[in-house]
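**Student:** Here the sequence shown stands for residues 477 to 563, where the numbers follow my numbering. All residues carry an ideal CB built from backbone N, CA and C; glycine is no exception. In this text the structure is predicted, and so the values were computed from the model without any measurement.
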Amino acid sequence: MNAKTIRYQQAVEGYITSITRDILADKGFYPVAMEDSEGPYMRFLDLPSPQLCGTETQKYTYARLKAQEIVDDMKRWNPHLDYATFE
């Protein structure tokens with residue numbers, strides 16, 4: 477793998493880990509720093525409620541799956557996760 481691919485995978489994994497943690501903590505939303513022609517702003521993503529029943533492994537797996545779905549969606553609109561423009 478080249479250096480760009482490794483950095484990109486680390487960025488994606490960082491988002492997944494952070495969102496997983498926030499789902500497990502029942503935070504309700506996840507802030508994403510964005511910037512457009514008018515300047516920087518925050519975009520808040522609604523997070524699902526954590527799974528309340530099951531083993532800790534099941535709860536974590538559910539949160540991680542949901543986080544991966546959110547990050548996959550973020551790849552469509554977040555310039556920080558666009559591989560073509562990722563630096």
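(1) Report back the beta-carbon spacing between His556 and Ala479 to the nearest angstrom; my notes put them in contact at under 8 angstroms.
(2) By alpha-carbon positions, which one of Ala509, Lys503, Gln534, Lys535 ends up nearest to Asp522?
(3) In terms of alpha-carbon separation, which member of Thr533, Met477, Thr531, Ile492 lies closest to Asp548?
(4) Name the two residues that bound the continuous beta strand (DSSP E) containing Gly515.
(5) Within this structure, are the beta carbons of Arg497 and Met510 separated by less than 8 angstroms?
**Tutor:** Well, looking at it:
(1) Not quite, the Cβ-Cβ distance comes to about 17 angstroms (not below 8 angstroms), so this is no contact.
(2) Scanning Ala509, Lys503, Gln534, Lys535 for the CA closest to the CA of Asp522 turns up Lys503.
(3) Here the closest residue by C-alpha is Ile492.
(4) Unbroken beta strand (DSSP E) run through Gly515: 515-522.
(5) Not closer than 8 angstroms, so no.
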